[in-house]
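Have a look at the structure below before the remarks.
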Amino acid sequence: MAFKSVKFLLVAALGFSSLLYSGKTIAQENHKEATPSEANHGEEKKEGFDAQEVIFGHVLNAHEFHFLDLPSGPVTIPLPVILYSPERGFTSFMSSKFEHGQAVYEGYKLVDGDVKAVDVSGNIDEAVTIYDLSLTRNVVQMILALIVLVWIMLTIAKKYKGGQGVTSAPKGMQNMIEPVFTFIRDEVAKPNLGHKYEKYFPYLLTVFFFILINNILGLVPGTANVTGNIAFTVVLGVISFIVITVSGNKHYWGHIVNPPVPFGIKFIMVPVEILGIFTKPIALIVRLFANMLAGHIIIICLISLIFIFGNISTGIGWGFSPISIGFATFIYLIEVLVAFIQAFIFTNLTAVFIGQAIEETHHADDHHHEVAGGEKVTTAHYDDAIIL
Amino acid sequence: MKLLTPEFGLLIWTLVAFLLVFWILAKFAFPAIVKGLKEREESISDALATADRVKAEMAQLKNENEALMAKAREERAIMIKDAKEASDKMISEAKDKAKSEYDRIVAEAQQAITQQKNAALTDVKNQVGNLVIEVAEKVLRKELANKAEQENYIMQLADAVKLN
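Heads up: the sequence lines are chains S and E, in that order. Sequential numbering of the first sequence, starting at 0, is according to numbering that gives the first Met the number 0. Sequential numbering of the second sequence, starting at 0, is according to numbering that gives the first Met the number 0.
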């Protein structure tokens, strides 16, 4: 069992490091090329390819689905804007009213993708606080993804209730979900949580499928980058933090406030342990965010390279396009892998952290003996003290 | 930087969406799936266990059957042997009995024959005696019809008698 999880972590680490590596090299290339392009951009603004705008326009949230720019204007799907401000109350309208940042509507204006309040003369009014609850493209896409997820799950659940897959062989979508289900159960939940896994199993499954479906849908060209948005991962990380903290037993907390180390080291270890409570979910948040964001940025960068070269000379642009497409395809395939790996890592690490929080004393003993080595007697003594 | 500052609206929507999805899935989808999978796994392991048990039972039955067959074969052989012995015995007994009966009958017949022969001989002897006596009487009667002869004969007899 332990061997297996090590193997999975290795695979994940390998995938991750190869991604990092390729990301780094490409980023370096990109950086090399981007600098002249920035310079070019400064000089030849009318040539009109701003890589930074394209890249951030792609990976950031927006109030509309933006597909392409035609000479007649951008092709977009407008989305509802919902605003609340204590001074002005609730306001709701379609984002098309902003005319892509050109127009002021009901005292609001779109500045660099953010809704700002403006006064009568059209200047930004910083005094007005705005809570932007708009159904942005991330929200809309997330809701669509979740409708698909819920539909799949309820359909399958109905099949199982009807006996399909219980007394007979599973069919269709059951075969798609079942291996994942049993994988999460046998490789994530059971090894980390032991016999208490059933309590956390629905949560782990929800986290896994929630991340996975958004990862996958985010890979469809033209869609939003939902899982590579810090707000999304913060919510999942905070929920993980709450679950881990609430599950923590006496042993877990005893470990934090009174770590089994010699007295002098306690003054160092206690702050570290307390910090550790927060670094775990923060690591989860940043890992998922950075991985998914990086993937999207790399792909859009590679595609942007064609146009950056195209700005220098049309010939170079055409000449570079096969290389760019080749790399982008490669990264795209890796991203498909990463979509699964990141969902798995988030779920697995959450399970590991919950496992640590609900661990019984004797496991911890072994752990300390391994770590402390020479301090065996001392640690045993301290663990006894904790039990008492 | 905008990339690293979470948007308030997105936070709220993600939180609502996650909790809602978690509630729906944990209430309506996962229990049924988990239960279904568990039941199937149990029924499969049960079926496997049953199959193993049945197999063992079958093997045992087969062994028992073979033992029974062997025993039956042995018994049949013994029975055939016994029957053969019995019939041989019966045949030899019957033969012996028949022989002794035959001997007895022959002996009785011989005895009867001997008796009848003796009786017949006795009878013949008696009749011959009678005939001899009759003939002798008739001869004597004829020879001693006149008186001279009677006296002659008496004389002869008297001569024969030596008076010592």
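Beta carbons are placed, not taken as given, at the ideal position from N, Cα and C, and that holds for glycine. Remember, it's a predicted structure, so these values are computed and weren't measured experimentally.
For residue 82(E), the three-state DSSP class (helix, strand or coil): If you number the second sequence from 1, residue 82(E) lands on position 83. DSSP, reduced to helix, strand and coil, places residue 82(E) within a helical segment of the structure shown.
Three or more C-beta pairs below 8 angstroms linking the segment 262 to 277 of chain S and the segment 302 to 316 of chain S: No, they do not touch.
Own chain, CB closer than 8 angstroms to residue 235(S), minus 5 neighbours either side, in chain order: One-based indexing of the first sequence puts residue 235(S) at position 236. So the qualifying residues of the chain are 206, 209, 210, 283, 284, 287, 345.
Span separating the alpha-carbon of residue 127(E) from that of residue 138(E): Counting from one through the second sequence, the residue named residue 127(E) turns up at place 128. Counting from one through the second sequence, the residue named residue 138(E) turns up at place 139. Residue 127(E) and residue 138(E): Cα-Cα distance of roughly 16 angstroms.
Inter-stretch contact at 8 angstroms, needing at least 3 Cβ pairs: the segment 288 to 303 of chain S / the segment 322 to 340 of chain S: Yes, the segment 288 to 303 of chain S is in contact with the segment 322 to 340 of chain S.
Validate contact between the segment 153 to 173 of chain S and the segment 320 to 328 of chain S using beta carbons, cut 8 angstroms, 3 pairs: Contact fails: fewer than three Cβ-Cβ distances are below 8 angstroms.
Burial state of residue 136(S) (16 or more Cβ within 10 Å): In the first sequence, the residue the question calls residue 136(S) occupies position 137. With 16 or more Cβ atoms within 10 Å of its Cβ, residue 136(S) is classed as buried.
Residues that residue 113(S) bridges to, as DSSP identifies them: Translated into the one-based positions of the first sequence, residue 113(S) becomes position 114. For residue 113(S), which the question treats as bridged, DSSP gives the partners 110(S).
Residue 412(S) (DSSP reduced to helix, strand or coil): Chain S is shown only over 0 to 387; residue 412(S) falls outside these bounds and no answer can be derived.
Chain S residues whose Cβ lies nearer than 7 angstroms to that of residue 32(E): Walking along the second sequence from the start, residue 32(E) turns up at place 33. Listed along chain S, the residues sitting closer than 7 angstroms to residue 32(E) by beta-carbon distance are 155, 156, 159, 180.
Rounded C-alpha distance that separates residue 72(S) from residue 98(S): Position 73 of the first sequence, counted from the first residue, corresponds to residue 72(S). Position 99 of the first sequence, counted from the first residue, corresponds to residue 98(S). Between residue 72(S) and residue 98(S), the alpha-carbon positions lie close to 10 angstroms from each other.
Neighbour flag for residue 13(E) against chain S, beta carbons, 8 angstroms: As a first step, residue 13(E) is located in the second sequence; it is residue number 14 there, counting from the start. At a cut-off of 8 angstroms, the C-beta of residue 13(E) has a neighbouring C-beta in chain S.
Boundaries (first-last residue) of the beta strand (DSSP E) holding residue 79(S): Here residue 79(S) refers to the residue found at position 80 of the first sequence. Boundaries of the beta strand (DSSP E) around residue 79(S): 79 to 84.
Distance CB(residue 147(S))-CB(residue 78(S)) smaller than 8 angstroms: Along the first sequence, one-based indexing puts residue 147(S) at 148. Along the first sequence, one-based indexing puts residue 78(S) at 79. Residue 147(S) places its beta carbon 8 angstroms or farther from that of residue 78(S).
Residues, ordered as in the chain, of the segment 106 to 133 of chain S that lie near chain E by beta-carbon distance below 7 angstroms: Residues of the segment 106 to 133 of chain S with a C-beta atom less than 7 angstroms from some C-beta of chain E are 130, 131, 132, 133, listed in chain order.
C-beta atoms of residue 131(S) and residue 6(E) nearer than 8 angstroms: The residue you call residue 131(S) lines up with position 132 of the first sequence. The residue you call residue 6(E) lines up with position 7 of the second sequence. Taking 8 angstroms as the Cβ cut-off, residue 131(S) and residue 6(E) qualify as a contacting pair.
Rounded C-alpha distance that separates residue 247(S) from residue 281(S): The count along the first sequence starts at 1 and reaches residue 247(S) at position 248. The count along the first sequence starts at 1 and reaches residue 281(S) at position 282. Taking the straight line joining both Cα atoms gives about 18 angstroms.
Helix, strand or coil at residue 68(S) according to DSSP, with G and I counted as helix: Residue 68(S) sits at position 69 when you count from the first residue of the first sequence. The answer is strand: DSSP assigns residue 68(S) an E or B state.
Residue 365(S) (DSSP reduced to helix, strand or coil): Residue numbering aside, residue 365(S) sits at position 366 when the first sequence is read from its first letter. Reliability of the predicted coordinates at residue 365(S) is poor, the pLDDT of 47 falling under 50, and the value obtained from them is presented with this limitation in mind. The answer is helix: DSSP assigns residue 365(S) an H, G or I state.
Touching by the beta-carbon criterion (3+ pairs, under 8 angstroms), the segment 47 to 63 of chain S and the segment 213 to 231 of chain S: At 8 angstroms Cβ cutoff, the stretches touch.
Pairwise C-alpha distance: residue 141(E) and residue 130(E): Counting from 1 along the second sequence, the entry for residue 130(E) is found at position 131. Counting from 1 along the second sequence, the entry for residue 141(E) is found at position 142. Spanning the two alpha carbons is a distance of roughly 16 angstroms.
For residue 123(S), the three-state DSSP class (helix, strand or coil): To locate residue 123(S), count along the first sequence from 1; it is residue 124. DSSP, reduced to helix, strand and coil, places residue 123(S) within a strand of the structure shown.
CB of residue 116(S) within 8 angstroms of CB of residue 100(S), strictly: Residue 116(S) sits at position 117 when you count from the first residue of the first sequence. Residue 100(S) sits at position 101 when you count from the first residue of the first sequence. With contacts defined as CB atoms closer than 8 angstroms, residue 116(S) and residue 100(S) fail to qualify as a contacting pair.
Sub-8 angstroms separation of residue 92(S) and residue 80(S) beta-carbons: Residue mapping note: residue 92(S) aligns to position 93 of the first sequence, counting from 1. Residue mapping note: residue 80(S) aligns to position 81 of the first sequence, counting from 1. Here residue 92(S) is near residue 80(S), since their CB atoms are less than 8 angstroms apart.
Secondary structure of residue 17(E), DSSP reduced to three states: Your numbering for residue 17(E) matches position 18 in the second sequence. Helix.
Positions along the segment 34 to 45 of chain E whose CB lies within less than 8 angstroms of some CB in chain S: Correct list: 34, 35, 36, 38, 39, 42.
Nearest to residue 175(S) (by Cα), restricted to the options 32(E), 94(E), 108(E), 93(E): Here residue 175(S) refers to the residue found at position 176 when the first sequence is read from its first residue. Its Cα nearest to that of residue 175(S), the residue 32(E) stands out among 32(E), 94(E), 108(E), 93(E).
Minimum Cβ-Cβ distance from residue 187(S) to chain E less than 8 angstroms: The residue you call residue 187(S) lines up with position 188 of the first sequence. Not one chain E Cβ lies under 8 angstroms of residue 187(S).
Cutoff 7 angstroms; reference residue 195(S); Cβ partners in own chain excluding five residues on either side: Within the first sequence, numbered from 1, the residue matching residue 195(S) stands at position 196. For residue 195(S), where only same-chain residues beyond five positions count, the Cβ hits under 7 angstroms are 357.
7 angstroms Cβ cut-off: residues of chain E touching residue 152(S): Taking the first sequence and counting its residues from 1, the one referred to as residue 152(S) is at position 153. Within chain E, the residues near residue 152(S) are 24, 28.
Whole runs of the alpha helix (DSSP H) within the segment 137 to 181 of chain S, excluding any shorter than 4 residues: DSSP runs (the alpha helix (DSSP H)) wholly in the segment 137 to 181 of chain S: none.
Beta strand (DSSP E) segments (min. 3 residues) lying fully within the segment 278 to 363 of chain S: Secondary structure in the segment 278 to 363 of chain S: no beta strand (DSSP E) run of 3 residues or longer lies completely within the stretch.
Three-state secondary structure assigned by DSSP to residue 12(E): In the second sequence, counting from the first residue as 1, residue 12(E) sits at position 13. When DSSP states are grouped into helix, strand and coil, residue 12(E) belongs to the helix group.
Short Cβ contact (8 angstroms threshold) for residue 305(S) with residue 320(S): On the first sequence, position 306 is the one that residue 305(S) refers to. On the first sequence, position 321 is the one that residue 320(S) refers to. In this structure, residue 320(S) lies closer than 8 angstroms to residue 305(S) by Cβ.
Neighbourhood of residue 95(S) by C-beta, 7 angstroms cutoff - its chain only, sequence neighbours within 5 removed: Residue mapping note: residue 95(S) aligns to position 96 of the first sequence, counting from 1. Short of 7 angstroms from the beta carbon of residue 95(S), and not among the five residues preceding or following it, lie these beta carbons of its own chain, in chain order: 77.
Contact under 8 angstroms by Cβ, residue 149(S) with residue 24(E): Here residue 149(S) refers to the residue found at position 150 when the first sequence is read from its first residue. Here residue 24(E) refers to the residue found at position 25 when the second sequence is read from its first residue. Yes, these two residues count as a Cβ contact at 8 angstroms.
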